[in-house]
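Visitor:
Numbering (my numbering), first residue to last: 28 to 213.
Okay, structure coming up:
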């Protein structure tokens with residue numbers, strides 16, 4: 028694998044846009060977005076490792092699990108902006124995990140499980156900032172959102188067996204924190 032900012036295997040179109048997200052174990056994050064947006068403008072989703080230490084060579088699951096690489100288990104989404112708005116993706120992102128916990132989701136603890144939105148351009152940053160401010164007030168009024176927001180710097184696809192893992196292994200491990208919240212956090 029060689030580093031890039033875009034997954035070399037992510038399906039895209041001439042009009043699709045990209046966003047990269049991390050919210051704990053990438054299997055559950057991928058499943059939520061596939062379920063929520065399949066047939067609604069979602070072009071493709073890949074799981075992988077993003078924004079870790081530079082120049083460490085090929086990155087793999089075993090290395091990332093140590094926490095020493097500083098890579099986050101992430102998903103990269105290609106979507107059609109005419110059908111699926113980034114605002115809707117980011118809204119689900121903030122409600123499908125707990126963005127008020129630092130470097131953890133449920134029992135998954137470490138920087139590889141941090142909450143982070145990796146933008147691909149300035150327009151992304153504008154949308155992310157607006158949605159985060161709205162969600163902070165409506166869903167987490169008594170808890171500070173600690174999600175990192177930063178540009179995508181580097182991406183490695185996860186190994187093939189991780190792609191669509193929970194579709195292939197319906198009884199596989201799924202973080203209990205991955206569900207869409209409908210009420211504010213108490």
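C-beta: ideal position from N, C-alpha, C; glycine also.
These numbers come from a predicted model, not from an experiment.
Among residues of its own chain, excluding the 5 on either side of residue 189, which ones have a beta-carbon nearer than 6 Å to its beta-carbon?
Guide: What you label residue 189 is simply residue 162 of the chain shown in a count that begins at 1. Only 74 meet the Cβ criterion.
Visitor: Give me, in chain order, the residues of the same chain whose beta-carbon lies closer than 8 Å to that of residue 61; leave out the 5 immediate sequence neighbours on both sides.
Guide: Translated into the one-based positions of the chain shown, residue 61 becomes position 34. Result list for residue 61: 69, 72, 191, 194, in chain order.
Visitor: Using the Cβ count rule (16 or more neighbours within 10 Å means buried), how would you classify residue 55?
Guide: What you label residue 55 is simply residue 28 of the chain shown in a count that begins at 1. Buried is the call here.
Visitor: Here's the rule I'm using: 16 or more other beta-carbon atoms within 10 Å means buried, otherwise exposed. How should residue 207 be labelled?
Guide: As a position in the chain shown, residue 207 is number 180, starting the count at 1. By the 10 Å Cβ count, residue 207 comes out exposed.
Visitor: What whole-angstrom Cβ distance do residue 103 and residue 45 have, given they're in contact under 8 Å?
Guide: In the chain shown, the residue the question calls residue 103 occupies position 76. In the chain shown, the residue the question calls residue 45 occupies position 18. Confirmed, about 6 Å.
Visitor: In three-state terms, what does DSSP make of residue 38?
Guide: As a working note, residue 38 is residue 11 in the chain shown. Residue 38: coil per DSSP, three-state reduction.
Visitor: Just list the beta strand (DSSP E) runs in the stretch 94-157, keeping only unbroken ones of 3 residues or longer that don't cross its boundaries, in chain order.
Guide: Fully enclosed beta strand (DSSP E) runs of 3 or longer: 99-106, 142-146.
Visitor: Give the range of the alpha helix (DSSP H) segment to which residue 192 is assigned.
Guide: The residue labelled residue 192 in the question sits at position 165 within the chain shown. Element bounds for residue 192: 192-195.
Visitor: Give the secondary structure of residue 75 by DSSP, where H, G and I count as helix, E and B as strand, and everything else as coil.
Guide: By one-based count along the chain shown, residue 75 stands at place 48. In the structure shown, residue 75 sits in a strand (DSSP, three-state: E or B).
Visitor: Looking at residue 76 and residue 185, is the spacing between their C-beta atoms short of 8 Å?
Guide: Along the chain shown, read from residue 1 onward, the residue named residue 185 stands at position 158. Along the chain shown, read from residue 1 onward, the residue named residue 76 stands at position 49. For residue 185 and residue 76, yes; Cβs fall inside 8 Å.
Visitor: Would you mind stating whether residue 174 and residue 131 have Cβ atoms separated by less than 8 Å?
Guide: For the purposes of this step, residue 174 is taken as the residue at position 147 of the chain shown. For the purposes of this step, residue 131 is taken as the residue at position 104 of the chain shown. Contact: no.
Visitor: With a Cβ-Cβ cutoff of 8 Å, do residue 32 and residue 179 count as a contact?
Guide: Translated into positions along the chain shown, residue 32 becomes position 5. Translated into positions along the chain shown, residue 179 becomes position 152. The answer is yes: Cβ separation under 8 Å.
Visitor: Taking 8 Å as the threshold (C-beta atoms), are residue 96 and residue 83 in contact?
Guide: Your numbering for residue 83 matches position 56 in the chain shown. Your numbering for residue 96 matches position 69 in the chain shown. Cβ distance < 8 Å, so residue 83 and residue 96 count as in contact.
Visitor: Quick one, are the C-beta atoms of residue 155 and residue 176 less than 8 Å apart?
Guide: Counting from 1 along the chain shown, the entry for residue 155 is found at position 128. Counting from 1 along the chain shown, the entry for residue 176 is found at position 149. Yes, the pair counts as a contact, with Cβ atoms nearer than the cut-off.
Visitor: Considering only C-alpha positions, which residue in the set 98, 50, 196, 36 is nearest to residue 120?
Guide: Position 93 of the chain shown, counted from the first residue, corresponds to residue 120. Closest by alpha carbon: 50.
Visitor: Cutting at 7 Å between CB atoms, please list the residues of its own chain near residue 67, excluding the five before and the five after it.
Guide: Reading the chain shown from its first residue, position 40 is the one you call residue 67. Within the same chain, residue 67 has close Cβ partners 110, 111.
Visitor: When DSSP labels each residue in this structure, what does residue 200 get in the three-state scheme?
Guide: Translated into positions along the chain shown, residue 200 becomes position 173. The answer is coil: DSSP assigns residue 200 none of H, G, I, E or B.
Visitor: List the residues that DSSP assigns as beta-bridge partners of residue 31.
Guide: Your numbering for residue 31 matches position 4 in the chain shown. For residue 31, which the question treats as bridged, DSSP gives the partners 182.
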